[in-house]
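**Q** Chains as they are written, first to last, in the working numbering: chain F, 6 to 488; chain U, 6 to 488.
#1: Over the uninterrupted alpha helix (DSSP H) stretch that includes residue 413 (chain F), give me the two end residues.
#2: Give me the residue from U:104, U:158 and U:139 with the minimum Cα distance to residue 130 (chain U).
#3: Please name the residue or residues paired with residue 143 (chain U) in a DSSP beta bridge.
#4: Under 8 angstroms between C-beta atoms, does residue 461 (chain F) make it to chain A?
#5: Who are residue 286 (chain U)'s beta bridge partners in DSSP?
#6: Is residue 33 (chain U) buried or exposed, if buried means 16 or more other CB atoms sit within 10 Å of its CB?
#7: Apply the 10 Å Cβ neighbour rule to residue 277 (chain F) and answer buried if 16 or more other Cβ atoms are within range, or exposed otherwise.
#8: Considering only the beta carbon of each residue, do residue 68 (chain U) and residue 44 (chain U) sit closer than 8 angstroms?
#9: In this structure, does DSSP put residue 85 (chain U) in helix, strand or coil?
#10: Check residue 380 (chain U) in the structure and name its three-state DSSP category.
#11: Should residue 3 (chain U) and residue 215 (chain U) be called a contact, given that it needs their Cβ atoms to be closer than 8 angstroms?
#12: When you compare the CB positions of residue 453 (chain U) and residue 337 (chain F), do they come within less than 8 angstroms of one another, or not?
#13: To the nearest angstrom, report how far apart residue 274 (chain U) and residue 235 (chain F) are at their CA atoms.
#14: Scan the region 437–466 of chain F for residues whose Cβ lies nearer than 8 angstroms to a Cβ of chain U and list them as they occur along the chain.
#15: Using 8 angstroms as the threshold, is the C-beta distance between residue 156 (chain F) and residue 133 (chain F) below it?
#16: Below 9 angstroms on C-beta distance, what does residue 258 (chain F) contact in chain U?
#17: Quick one: what's residue 394 (chain U) bridged to in DSSP?
#18: Alpha carbon to alpha carbon, how far is residue 379 (chain U) from residue 415 (chain U)?
#19: For the region 379–405 of chain U, which residues have a beta carbon sitting closer than 9 angstroms to at least one beta carbon of chain F?
#20: Quick one: grab the DSSP three-state call for residue 97 (chain U).
#21: I need the DSSP call for residue 369 (chain U), collapsed to helix, strand or coil.
#22: Can you find a CB in chain U that lies within less than 8 angstroms of the CB of residue 263 (chain F)?
#23: Mind checking if residue 204 (chain F) is an interface residue toward chain U, Cβ cutoff 8 angstroms exclusive?
#24: For residue 63 (chain U) and residue 109 (chain U), what's the separation of their Cα atoms in angstroms?
#25: Just reading off the alpha helix (DSSP H) that residue 464 (chain F) is part of, what are its end residues?
#26: On a Cα-Cα basis, can you pick out the residue from U:202, U:408 and U:211 that is closest to residue 439 (chain F)?
#27: Taking Cβ to Cβ, would you say residue 410 (chain F) is nearer than 8 angstroms to residue 349 (chain F)?
#28: Against residue 339 (chain F), what residues of chain U qualify as contacts under a CB-to-CB distance less than 7 angstroms, listed in chain order?
#29: Which chain U residues are close to residue 432 (chain F), counting only those with a beta carbon under 7 angstroms from its beta carbon?
#30: Could I get the ranges of all uninterrupted beta strand (DSSP E) runs contained in the region 127–185 of chain U, with 3 residues as the minimum, in chain order?
#31: Please compile the residues from chain F whose C-beta is within a distance smaller than 7 angstroms of the C-beta of residue 196 (chain U).
#32: Please classify residue 191 (chain U): does DSSP put it in a helix, a strand, or coil?
#33: Need the endpoints of the beta strand (DSSP E) that residue 113 (chain F) sits in, please.
#34: Mark residue 91 (chain U) as exposed unless 16 or more other C-beta atoms lie within 10 angstroms of its C-beta, in which case mark it buried.
#35: Where DSSP assigns a beta bridge to residue 316 (chain F), which residues make up the other side?
#36: From the DSSP output, which residues share a beta bridge with residue 60 (chain F)?
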């Protein structure tokens, strides 16, 4: 815990008003949107487990000043964007300094010829998109959290958006970055479409969850704003047939902006209000500005016929599009202070990924593991690749009280991650690791992979000041994983 | 230089016949295909600057044994695939041990459902493709060196193939890897379509040029073997108009397998034999199995009309396709012992990349720099992205003798890289850095980027045994960059 005089010294290195110790500011930025944070937040006494201060940098140099100070004083710094992560990646330990990037929210330049936007890392997704829309452009990166999350958070958490089929994930969009390394030095990687000048250092910051550096600016690739979307939907008797259809769509290179397929429970959750009565539903949406949309739609329909699918019309897709981010509010109401479902209830999501060959069994194994602990489990495929897909599970646990819910919740995660790894999958497609899954990283990457990541982390951050406990499990007991 | 007894100890750790000190084996594997290697090779006396031994591992464990031995004895190891690199990345210093992966050339498994091929790193590109073609599949990674280079070499050198527009570059294709880290430990990263479990360690091996580890196996994503290609070509009065057309093709998401555009000199070199008489030519090829090829072709033609292009018919494309790898033989004849053009002649290529907005000036600046030293300079665009493109220069220097040619050649590189960096480009799109460009890496990545890469390298390879001098400029004078 930094002393009062140490904090005063930090304040002096920053512009006026850039450092706060106001308890409300501290409380608000002490956690992210992880279910455990909600559960514990509801129980916490004010002042318990709070960071020591929140710094609001206005520039890359401010960030460097904070990290230099942290190295000198041995203080822990927890970088933070919108705080919408769900794995405890931005959980601030007692006495740490939260580095809140949200005042660095400018769109610095739009290069309309190259279709590249240069932004500060704290810009929120919806605001970035509004600026680009005025010029007929979009980054095309639409996570469900777009009205909460920031570009820096997308990079740190290895984000993927709802239109990843058409626009790729964050690693396909980041062309250049400015970042401050843990030691306080600044790196500026020029924006280029591709480079073979060594391993891609940008890719080392993507997914690093605030361990390897703090991204302060980014150059993102843009594309034309879609004219509109046209939607088709198909119904299948089984989820395996849904998967087969999605695999065929990707193999045929039909080029949708969005393609999603739901198991029976998730189909009912997603489309029950518009009359869905049974079986599995899948939707596919095309940007009408793409060449040959009609022929693409015919190819998707043909693939559906070959996997015993029945056309369900356009309403499923438009309904999904119109309500695609509703569950963000719903989740907050279930988990937050409003407690829509009463105490003892936890809702979470688990997004794994695997190869097509492994996917049916992976689905059954993870669903089985979650079902042993949860009262409801549903799943959909939302990010498809030539080689495989993500599986996005939603599960709800209802227990006698919040303590019991937490115990059951942690057991569910443990067993589901084991099932995932045994089935050949990765335990996270786009939510990241955070503190929740850090304890499973050895199984995910193997001994060699974990030691490689650790060696890099220790080389870049010898003093261990940046977000210890997130992503890479601590060697000591000081920052234990949550599970 | 390892002692005879040290080499004997190494031989004992490997299967019989896996270590050779035969001078012919050493000479053959002492360099790659870089022009400097050819020039110096022609002058060298046998026995001069030779590695001490060549090891031929048959397994990941053999590779680990070599690296463990190297750490114990402080010996330098130079990993090697097909040896077709052109930047001195596989140049073996005196006394080093060459680790030749080409006996690890098995295709281990083809998962036809997930379209994933599991290979050993030493498999040659053309052989891999022949195996996949029997199953109607392709990796779609077609570098000009495909009949020489290996999968491990593609990964180490951050390769991009001729069909990158349709199939992506090597980082888009590698789903999993097995590698031996410099210390001798093995990492096995499972094949998954995408993962958010930390920074992508696969991407840290891609482009690492044998500094951060030796890749021994890889899982690559495949796609359907194209039915056939249909080709169109367009003529433009200026190279700027070529660029504008290519930018429009990418922006419209027309989806070609191949798209290339040539400046006036390169157009004559590429298409003079089929009657091309002036101006700039561009070709575009589509896989006929893609949906809506006719509409895509119409969209490409429409984009050409909007940038003042004239249709040139299908012969340009088919001619390019049929002769696309001829220059590999031509290069060997010009530069190798056959010396088609006599002594004092050097031919090389320089492939930079930049954003569309910067590209016309970048082209003029790099061409101008090369022209001040070279007798002929030509250029084409061969890898297009939404944000920009590569610029692939070919240049020929004719001097009074090989020594003078080498001096002029080094000056040309120095000045051209400076012009590239001043113009906002990256000095390499897909050939890598090697020893040739290591001296420019600080300017490429900035102080912070170079120090980040160095810190990682020193953490992974504290004894400095893996390929010192390649990619990352040495802190000492022991392994100086070539330029």
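Positions of the beta carbon are idealized from the N, C-alpha and C atoms, including for glycine. Because the structure is a prediction, the values reported are computed rather than measured.
**A** Let's see:
#1: For the purposes of this step, residue 413 (chain F) is identified with residue 408 of the first chain, where counting begins at 1. From DSSP, the alpha helix (DSSP H) with residue 413 (chain F) extends over 407–427.
#2: By one-based count along the second chain, residue 130 (chain U) stands at place 125. The shortest C-alpha separation from residue 130 (chain U) is found at U:158.
#3: Counting from 1 along the second chain, the entry for residue 143 (chain U) is found at position 138. Partner(s): U:228.
#4: Of the chains in the structure shown, none is chain A; the protein chains are F and U.
#5: Indexing the second chain from 1 puts residue 286 (chain U) at position 281. According to DSSP, which records beta bridges pairwise, residue 286 (chain U) is partnered with U:240.
#6: Within the second chain, the letter at position 28 stands for residue 33 (chain U). Here residue 33 (chain U) is exposed: its Cβ has fewer than 16 other Cβ atoms, across all protein chains shown, within 10 Å.
#7: One-based indexing of the first chain puts residue 277 (chain F) at position 272. When all chains shown are included, residue 277 (chain F) counts as exposed.
#8: Start at 1 with the first residue of the second chain, and residue 68 (chain U) comes out as number 63. Start at 1 with the first residue of the second chain, and residue 44 (chain U) comes out as number 39. No, Cβ-Cβ distance for residue 68 (chain U) and residue 44 (chain U) is not below 8 angstroms.
#9: Along the second chain, one-based indexing puts residue 85 (chain U) at 80. Residue 85 (chain U): strand per DSSP, three-state reduction.
#10: The residue given as residue 380 (chain U) occupies position 375 in the second chain. Correct three-state label for residue 380 (chain U): coil.
#11: Residue 3 (chain U) is absent from the structure shown; chain U starts at 6 and stops at 488.
#12: Within the second chain, residue 453 (chain U) is the residue found at index 448, counting from 1. Within the first chain, residue 337 (chain F) is the residue found at index 332, counting from 1. No, Cβ-Cβ distance for residue 453 (chain U) and residue 337 (chain F) is not below 8 angstroms.
#13: The residue you call residue 274 (chain U) lines up with position 269 of the second chain. The residue you call residue 235 (chain F) lines up with position 230 of the first chain. Cα to Cα, the separation comes out at about 46 angstroms.
#14: 437, 438, 442, 446, 449, 450, 451, 452, 453, 454, 456, 457, 458, 460, 461, 463, 464 and 465
#15: Counting from 1 along the first chain, the entry for residue 156 (chain F) is found at position 151. Counting from 1 along the first chain, the entry for residue 133 (chain F) is found at position 128. Yes, Cβ-Cβ distance for residue 156 (chain F) and residue 133 (chain F) is below 8 angstroms.
#16: Position 253 of the first chain, counted from the start, is the residue given in the question as residue 258 (chain F). Around residue 258 (chain F), the beta-carbon contacts reaching into chain U at under 9 angstroms are 171, 228, 229, 260, 292, 294, 295 and 296.
#17: Numbered from its first residue, the second chain carries residue 394 (chain U) at position 389. In DSSP, residue 394 (chain U) forms a bridge with U:359 and U:389.
#18: As a first step, residue 379 (chain U) is located in the second chain; it is residue number 374 there, counting from the start. As a first step, residue 415 (chain U) is located in the second chain; it is residue number 410 there, counting from the start. One C-alpha to the other measures close to 11 angstroms.
#19: 388, 389, 390, 391, 392, 393, 394 and 395
#20: Taking the second chain and counting its residues from 1, one reaches residue 97 (chain U) at position 92. Looking at residue 97 (chain U) - three-state DSSP - the assignment turns out to be coil, as it is neither helix nor strand.
#21: Translated into the one-based positions of the second chain, residue 369 (chain U) becomes position 364. Note: residue 369 (chain U) maps to helix in three-state DSSP.
#22: Mapped onto the first chain, residue 263 (chain F) falls at position 258. It does not: the Cβ of residue 263 (chain F) has no partner Cβ on chain U nearer than 8 angstroms.
#23: To locate residue 204 (chain F), count along the first chain from 1; it is residue 199. Yes, residue 204 (chain F) lies at the interface with chain U (some Cβ there is under 8 angstroms from its Cβ).
#24: Position 58 of the second chain, counted from the start, is the residue given in the question as residue 63 (chain U). Position 104 of the second chain, counted from the start, is the residue given in the question as residue 109 (chain U). One alpha carbon belongs to residue 63 (chain U), the other to residue 109 (chain U), and they sit about 5 angstroms apart.
#25: Counted from its first residue, the first chain places residue 464 (chain F) at position 459. For residue 464 (chain F), the enclosing alpha helix (DSSP H) starts and ends at 446–465.
#26: Residue mapping note: residue 439 (chain F) aligns to position 434 of the first chain, counting from 1. Answer by Cα proximity: U:202.
#27: In the first chain, residue 410 (chain F) corresponds to position 405, counting from 1. In the first chain, residue 349 (chain F) corresponds to position 344, counting from 1. Result yes, Cβ atoms of residue 410 (chain F) and residue 349 (chain F) sit closer than 8 angstroms.
#28: As a working note, residue 339 (chain F) is residue 334 in the first chain. Within chain U, no residue comes near residue 339 (chain F); the closest Cβ sits about 24 angstroms away, beyond 7 angstroms.
#29: In the first chain, the residue the question calls residue 432 (chain F) occupies position 427. The contacting residues are 202.
#30: 179–185
#31: Position 191 of the second chain, counted from the start, is the residue given in the question as residue 196 (chain U). Result: 360.
#32: Indexing the second chain from 1 puts residue 191 (chain U) at position 186. Residue 191 (chain U): strand per DSSP, three-state reduction.
#33: As a working mapping, residue 113 (chain F) is identified with position 108 in the first chain. Here the beta strand (DSSP E) through residue 113 (chain F) covers 112–116.
#34: For the purposes of this step, residue 91 (chain U) is taken as the residue at position 86 of the second chain. Residue 91 (chain U) should be labelled buried.
#35: For the purposes of this step, residue 316 (chain F) is taken as residue 311 along the first chain, with counting starting at 1. For residue 316 (chain F), which the question treats as bridged, DSSP gives the partners F:239.
#36: Looking up residue 60 (chain F) in the first chain gives position 55. In the DSSP output, where bridge partners are listed per residue, residue 60 (chain F) has F:24 and F:104.
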